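Asker: UniProt numbering applies: residue 1 is where the sequence shown begins, and numbers increase by one.
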Amino acid sequence: MTSRCSQCGALTFSKEDPLDPTLPVATPWTIVRCQRLLKSNEPPDSAELAYMQPLVSKVAARLECIDDEMSRLRDRLEQLNTEQTELAEYHALHAPIVSPLRRMPPEVLMEIFLWTLPLGQDERDGYVSALKQSPWVLTQVSSRWRTISISTPSLWSRVSVDYSEGFGQPLRMVWTQVDRAGTRMLDVYFAGSAKRNHGAQVEMFQFLSLHSARWEVFEIENLTTNLVPHLAALRGRLPSLSNLCVTWDARIDDHQVGEHAFDCFQTAYRLVDVTLGDFLPVPLAAHQLTAYAVDCPWEMHHSVLKLASNLVEARVTVSSDDTDWPEASPDQVIDLPQLQRLYVSSQEVLRYLQAPILSEIGFIVAEDEELAGLDAFLVRCSCKPQQLLLEGLLDAEMTKKILEKHTFLNRILLVFTSRDIRNFDDNILASSIGAHLSMLARGIAPQLKDISLGTEARFGVDYPLFARMLRARRGPGSVLGAAAFVTIQGPSPDPLTLAELDALAKDGLSLVLQSRKDAERSINAWSYATRPMYR
């Protein structure tokens, strides 16, 4: 098994037969002696030396040839590496010239830029990250992008200032943003802090107030006593305000605020969407409201709701657990003829509402609570909502009875949570989730088109059972088209289960799996909340 080297003509040998056939043929005894010599320091005799010397010389010549070949290849590889580096630099430098993005029309780029704007909590991360987010980061890419972004007022109309975890954006930066927004309406988010620089917060709020006539959305979180007096100056200056969200520092009370501190919002004649947390008396033009999410005693809810006949969506949170509910006489029942979506913190609220065209309903289920209030409400209103949201320490048997009794329900949203932080128990939540999945896997309520589950449990989520439930309901004739499982704190599915769920999605099931912030946003949306509701 030999051949000649193409470079030097030396013989090359295979590993199986390294001997040169032109050499003297070794006798068996010579071969045995060579094997012994390999394992000792004995000198070879003349016959053995005559056999080994030519072979060693031939191998040495071949090694020298290989060294030369490797040196030549290393030189060639170095040349290729140098050429590759030079070409890569040239390509990186000149490829953008022929990039389709460079030739993209400005109006298309504007539309793309609008899709890069942060949403919700993502845009409330303070000054440092603001420079790294749209729209500010767009001005740092190229002169063309800078020109287009600066000349697109809609990119700058969301103004976010957050003092809750830092020092907020510099006034100059906000001034620039408002200026670039031109004459467009503004969405203003302002998060105050009782622990930060009060003077800077007041100065920023006063500056934003100069443009209050352009406020379309105004969301102020953690309103402090230092800012309250400056609300009065807004009276009669909110002609465009349509969406309002206010929460305040827990240390504020009535005697610090004053009787008419929030009267400014009563003159906002386009205000249709209101969210108020930890209630202080905010006068509202209730007759014009279409969306209402308020946390306050039932008496205050009643006084507003009885005038809000145009409501389409309502989140009614009763702030006191020991509310003394009055008798639900006919004159106490509130007619909401336009209401389509309703979430209440207690079934008791349903006794006082009439909503004939309701399509979505949800509420918190107290432990061991019967659902007679829901049944009575549905009978009285003669409504057949398609979507039901249940939240709390849910009982699978109770849920089963609801679904079997009200067959018009085709979307079910279940949020497994414990409102009692001191007695929070992941095992109880996980057990409740498992019981519901097992119940649904048996084909209960075959009319369900959408099954969504959410939980704040930190462990024990049975994703394999979730996958089995979906497979069981996706058989012939199934109407299930969408499902979701979102966990605020819990783990993600294991790889095997994830593959099963992916197969279901490829088979046509609209499937959502979310965790942490995305999950929290989804659960908030299910109950029509515009701000975080979970710890």
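Backbone N, C-alpha and C define an ideal beta-carbon position, used for all residues, glycine too.
Since we're looking at a predicted model, the values are computed, not measured.
Buried or exposed: which applies to Tyr269, given that a residue is buried once 16 or more other Cβ atoms fall within 10 Å of its Cβ?
Answerer: Exposed, since its Cβ has fewer than 16 Cβ neighbours within 10 Å.
Asker: Per DSSP, which residues does Asp162 bridge with? Please list them.
Answerer: Looking at the DSSP assignment, Asp162 forms a beta bridge with Ala191.
Asker: Can you give me the start and stop residues for the alpha helix (DSSP H) that Asn222 sits inside?
Answerer: Note, Asn222: premise wrong, no alpha helix (DSSP H); beta strand (DSSP E) at Trp215 to Leu223.
Asker: Within 10 angstroms of its Cβ, does Leu38 collect 16 or more other Cβ (buried), or is it exposed?
Answerer: Under this definition Leu38 is an exposed residue.
Asker: Sorted by chain position, which residues of the same chain lie with C-beta nearer than 7 Å to Cys245's C-beta, five sequence neighbours on each side aside?
Answerer: Once the five neighbours on either side are set aside, the close Cβ partners of Cys245 are Glu219, Thr275, Thr530 and Arg531.
Asker: Is it the case that the Cβ atoms of Ala308 and Leu289 are separated by a distance below 8 Å?
Answerer: Yes, they are a contact pair.
Asker: In terms of alpha-carbon separation, which member of Gln489, Pro96 and Leu371 lies closest to Lys517?
Answerer: It is Gln489.
Asker: By Cβ distance, which residues of its chain are closer than 7 Å to Ile150, with the 5 residues on each side in sequence left out?
Answerer: Closer than 7 Å at the Cβ level, and outside the excluded window around Ile150, lie Thr139 and Arg180.
Asker: Distance check for Thr176 and Glu165, CA to CA, integer angstroms please.
Answerer: Going by the C-alpha atoms only, they are around 22 Å apart.
Asker: Counting C-beta neighbours from all protein chains within 10 Å, is the total for Tyr343 16 or more, i.e. buried, or is it exposed?
Answerer: Result: buried.
Asker: DSSP three-state call for Gln514: helix, strand or coil?
Answerer: Three-state DSSP puts Gln514 in a strand.
Asker: How would you call Phe485, buried or exposed, if buried means at least 16 neighbouring beta carbons within 10 angstroms?
Answerer: Answer is buried; the Cβ neighbour count reaches 16.
Asker: Only counting the same chain, and skipping five residues up and downstream in sequence, which positions put a Cβ closer than 7 Å to that of Met110?
Answerer: Contacts found: Ile148 and Thr152.
Asker: When the Cα atoms are used, what is the spatial distance from Asp324 to Trp298?
Answerer: About 9 Å.
Asker: Going by C-alpha to C-alpha distance, which of Asn41, Leu339, Glu221 and Leu271 sits closest to Ala194?
Answerer: Comparing Cα positions, the closest option is Glu221.
Asker: Please give me, in chain order, every unbroken run of the beta strand (DSSP E) with length at least 3 that falls completely inside the segment 231-319.
Answerer: For the segment 231-319, whole beta strand (DSSP E) runs of length 3 or above, ordered along the chain, are 243-248, 273-276, 291-296 and 313-318.
Asker: According to DSSP, simplified to helix, strand and coil, what is Ser452?
Answerer: Of the three classes helix, strand and coil, the one that applies to Ser452 here is strand, per DSSP.
Asker: Which value, in whole angstroms, describes the spacing of the CA atoms of Phe416 and Leu336?
Answerer: In a straight line, the C-alpha of Phe416 is about 29 Å away from that of Leu336.
Asker: Tell me the residue span of the beta strand (DSSP E) that contains Ile402.
Answerer: Looking at the DSSP string, Ile402 is not in any beta strand (DSSP E); the run it does join, the alpha helix (DSSP H), is Ala396 to Lys405.
Asker: Where do the ends of the alpha helix (DSSP H) carrying Thr147 lie?
Answerer: Per DSSP, Thr147 belongs to the alpha helix (DSSP H) from Ser143 to Ile150.
Asker: Determine the contact status of Ile412 and Leu371, defining contact as a CB-CB distance below 8 Å.
Answerer: Taking 8 Å as the Cβ cut-off, Ile412 and Leu371 do not qualify as a contacting pair.
Asker: Could you pull the start and end residues of the alpha helix (DSSP H) that Arg76 belongs to?
Answerer: Note, Arg76: alpha helix (DSSP H), Ser46 to His94.
Asker: Of all the options Ser438, Tyr463, Ser319 and Asp450, which has the alpha carbon lying nearest to the alpha carbon of Cys296?
Answerer: Closest option to Cys296, Cα to Cα, is Ser319.
Asker: For the candidate residues Leu440, Glu48, Gln340 and Gly168, whose alpha-carbon lies nearest to that of Cys383?
Answerer: For Cys383, the nearest C-alpha among the options comes from Gln340.
Asker: So which of Leu234, Thr399 and Ala457 has the shortest CA-CA distance to Ala445?
Answerer: Of Leu234, Thr399 and Ala457, the residue nearest in Cα terms is Thr399.
Asker: For Leu394 and Leu414, which I take to be in contact (beta-carbon distance under 8 Å), what is that distance rounded to the nearest angstrom?
Answerer: That belief holds up - the Cβ atoms of Leu394 and Leu414 are roughly 6 Å apart, short of 8 Å.
Asker: Can you name the residues that DSSP bridges to Asp335?
Answerer: Answer is Gln354.
Asker: Using a Cβ-Cβ cutoff of less than 6 Å, which residues in the same chain neighbour Glu367 once the five nearest sequence positions on both sides are dropped?
Answerer: So the list reads Leu393, once near-sequence residues are dropped.
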